[in-house]
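Encoded as structure tokens, the structure appears first; notes follow it.
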Amino acid sequence: MSFVSVADVTKRFGSRVGVDGVTFCVEEGENVALFGANGAGKTTLIRILASLSRPTNGTVEVDGVPLDGANPSVRSKIGLVSHDSMLYDSMTALENLRLHSRLHGVKESVCEERLRSVGLEDWGGERVGRFSHGMRKRLSLARALLHDPNLLLLDEPFSGLDQESLEKAVSVLSGFEDRSVVVATHDLERGARLVDRALFLDDGILVDDVRVDGDRNVREIYRTVSAGKTR
Amino acid sequence: MRDYLRAVAAVARKDLVLELRDKRNVSSTLVFALLIVVVFAFVFGQEGDSGTVARGALWIAVVFAGTVGVTRAITTEGENRAVEGLMLAPVDRSALYLGKVVSATVFVTVVGWLSLVFVAVFLDHAFGSTVVAVAGVVPLGALGFCAVGVLLAFVTLESPLQESVLPVLLVPLVIPVILAGVELSLNPGDGDWLRLLVIYNGLVLVAGWATFDYVVEE
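First to last, the sequence lines map onto chains A and B.
Numbering-wise (the working numbering), the first sequence opens with residue 861 and increments by one.
Numbering-wise (the working numbering), the second sequence opens with residue 302 and increments by one.
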């Protein structure tokens, strides 16, 4: 059984369709990239997978459990890094992580460990309002990993990062072997290096699903996307 | 159940820590309440029944200052979409609602109690032997007020007009709280008004608890 199962998911915002009849599965430990132009539906799909958005039609299951609000405990298997940091500026980095550790029932000692893993161990006592964009992103990653989720959802994780933050984020993400990752990104080259599979969205429709391996390298995928066409 | 209560406590604690740290909200709300009482003292200081004026000033201060307080408390959740971080917690989302209601109720209660002091000082009316009972009515009124206020504040969170729309929606819905609060400030032992307030609080809390997930989910 697939770890994530998305079946015929449609999301409408009034008359506009964000995602249209998307169906795909993600196996346990598989890393999948969502590629597509602005407005293709990547963020909408990530938000649905994170249970922040309810699909108009279709179902999403994580580890066999529907994401319909009736089973909130399934959210302990999901971690999300979004465009927004989801952090409180007036609280310190450690206070933010401790809040989320309480919400997820995780020991507070894990917070320092996660801060270390993203290279922010010296910034735990600083208020997040003073953090740069890259530091917020790294802290956001630490927040998402706090409860050791089996499914990590990343929405544009590389945007606006300086070289140091970028290297740190990529090294943390490259270390995942036992969990599934779904990453929505414009950074095709970096994104494709992290994943096993690439899904292409166009106007909310899933137009292609390709395996990223030696036969089909990053440049070829890039050309496919640039040309705006499928295989 | 333990996880649920832990989430309620975590959200309430976080809000109260933020309120104590960023004192702008507390201070501006208290100044607002103080101004209301002072204006009442200027207008009605020499005339009218001091008890009636005091009750009016107390509950207007609670409602106006409470509206400002609830709005600002929820605004912090919109910054960086922090509320979505809370929504990812593996507990029923009504726990977030109850946590916000607890912290907002504590906030409005403190404002109400300090308004009692302002009324005693500036309107020269200390509610006599009923002052403790009146002080007990304040948290009850604050609970009903915040149960509605928090839900509406989340409904209007994405609206650029939140600060003007919220009072328009909120005040008509909390009229039972205002009526019961004013009447119980005169006669705290009035069982009918007390029952009305308790039943109203129960109804709005259950409504908020049951609908919050739909309010915050896209």
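In this text, a Cβ means the ideal position worked out from N, Cα and C, and glycines have one as well.
It should be emphasised that the depicted structure is a prediction, and the values quoted were computed from it without experimental measurement.
Distance between residue j and residue i (C-alpha atoms, nearest Å)
i                       : j                       : result
residue 444 of chain B  : residue 402 of chain B  : 7 angstroms
residue 479 of chain B  : residue 1055 of chain A : 59 angstroms
residue 379 of chain B  : residue 464 of chain B  : 13 angstroms
residue 1090 of chain A : residue 970 of chain A  : Model confidence at residue 1090 of chain A stands at a pLDDT of 46, short of 50, so the residue's coordinates are unreliable; what they give is reported in the following sentence. Answer to the nearest angstrom: the Cα atoms are 44 angstroms apart.
residue 396 of chain B  : residue 406 of chain B  : 15 angstroms
residue 1065 of chain A : residue 919 of chain A  : 16 angstroms
residue 491 of chain B  : residue 483 of chain B  : 11 angstroms
residue 881 of chain A  : residue 906 of chain A  : 15 angstroms
residue 467 of chain B  : residue 511 of chain B  : 21 angstroms
residue 437 of chain B  : residue 911 of chain A  : 41 angstroms
residue 1020 of chain A : residue 993 of chain A  : 7 angstroms
residue 976 of chain A  : residue 870 of chain A  : 39 angstroms
residue 415 of chain B  : residue 333 of chain B  : 12 angstroms
residue 866 of chain A  : residue 324 of chain B  : 46 angstroms
residue 493 of chain B  : residue 471 of chain B  : 24 angstroms
residue 945 of chain A  : residue 348 of chain B  : 56 angstroms
residue 387 of chain B  : residue 439 of chain B  : 29 angstroms
residue 477 of chain B  : residue 304 of chain B  : 34 angstroms
residue 1004 of chain A : residue 489 of chain B  : 50 angstroms
residue 302 of chain B  : residue 1062 of chain A : 43 angstroms
residue 927 of chain A  : residue 353 of chain B  : 54 angstroms
residue 501 of chain B  : residue 319 of chain B  : 29 angstroms
residue 370 of chain B  : residue 506 of chain B  : 19 angstroms
residue 913 of chain A  : residue 321 of chain B  : 33 angstroms
residue 1032 of chain A : residue 503 of chain B  : 48 angstroms
residue 917 of chain A  : residue 964 of chain A  : 29 angstroms
residue 878 of chain A  : residue 331 of chain B  : 45 angstroms
residue 921 of chain A  : residue 1067 of chain A : 21 angstroms
residue 515 of chain B  : residue 343 of chain B  : 46 angstroms
residue 392 of chain B  : residue 915 of chain A  : 20 angstroms
residue 314 of chain B  : residue 446 of chain B  : 20 angstroms
For residue i, the first and last residue of its enclosing alpha helix (DSSP H)
i                       : result
residue 514 of chain B  : 492-517
residue 891 of chain A  : Counting along the chain, residue 891 of chain A falls outside any alpha helix (DSSP H), though it belongs to the beta strand (DSSP E) covering 891-896.
residue 316 of chain B  : 303-322
residue 521 of chain B  : Limits of chain B in this structure are 302 at one end and 519 at the other, which puts residue 521 of chain B out of reach.
residue 909 of chain A  : 902-909
residue 432 of chain B  : 432-456
residue 331 of chain B  : 325-345
residue 386 of chain B  : 383-388
residue 1034 of chain A : 1023-1034
residue 1053 of chain A : 1048-1054
Beta-carbon contacts of residue i that lie in its chain and below 6 angstroms, excluding the five residues immediately before and after
i                       : result
residue 1075 of chain A : Bear in mind that the predicted position of residue 1075 of chain A carries a pLDDT of just 47, short of 50, making it too unreliable to give a figure here.
residue 486 of chain B  : 356, 435
residue 903 of chain A  : 1015
residue 509 of chain B  : 398, 448, 452
residue 481 of chain B  : 494, 497, 498
residue 311 of chain B  : none
Unbroken beta strand (DSSP E) run spanning residue i, endpoints
i                       : result
residue 872 of chain A  : 864-873
residue 917 of chain A  : 917-922
residue 1040 of chain A : 1040-1044
residue 353 of chain B  : Residue 353 of chain B -> not in any beta strand (DSSP E); alpha helix (DSSP H) instead, spanning 351-379.
residue 927 of chain A  : Here residue 927 of chain A belongs to no beta strand (DSSP E), and DSSP marks it neither H nor E.
residue 1071 of chain A : 1065-1071
residue 883 of chain A  : 876-886
residue 1058 of chain A : 1057-1062
residue 941 of chain A  : 938-941
Cut-off 8 angstroms between Cβ atoms - residues of its own chain near residue i, not counting five sequence neighbours on either side
i                       : result
residue 1040 of chain A : 863, 864, 886, 887, 888, 889, 890, 891, 892, 1010, 1011, 1012
residue 972 of chain A  : 954, 981, 984
residue 460 of chain B  : 466
Residues of its chain near residue i, where Cβ-Cβ distance is below 7 angstroms and the 5 sequence neighbours each way are ignored
i                       : result
residue 425 of chain B  : 351
residue 986 of chain A  : 952, 953
residue 309 of chain B  : 396, 399, 400, 403
residue 950 of chain A  : 987, 989
residue 1038 of chain A : 889
residue 1058 of chain A : 893, 895, 1052, 1070, 1072, 1081
residue 420 of chain B  : 338, 355, 358, 359, 426
residue 899 of chain A  : none
residue 868 of chain A  : 881, 883, 917, 918
Residue i Cβ short of 7 angstroms to the ligand ADP heavy atom set
i                      : result
residue 369 of chain B : No copy of the ligand ADP appears in this structure; indeed no ligand is present at all.
- Message: Would you call the segment 1008-1017 of chain A in contact with the segment 926-942 of chain A, where contact means no fewer than 3 C-beta pairs closer than 8 angstroms?
- Response: yes
- Okay, do the segment 972-981 of chain A and the segment 407-414 of chain B touch, 3+ Cβ pairs below 8 angstroms being the bar? no
- Task: Kindly confirm or deny that the segment 926-939 of chain A and the segment 356-372 of chain B touch, where touching means at least three C-beta pairs closer than 8 angstroms.
- Result: no
- Can you check the segment 462-486 of chain B for any alpha helix (DSSP H) of at least 4 residues that lies completely inside it and give the ranges in chain order? 463-474
- Unbroken alpha helix (DSSP H) runs of length 4 or more, entirely within the segment 965-1020 of chain A: which are they? 969-977, 993-1005
- Query: Should the segment 414-431 of chain B be regarded as contacting the segment 448-456 of chain B, the criterion being three or more beta carbon pairs within less than 8 angstroms?
  - Reply: no
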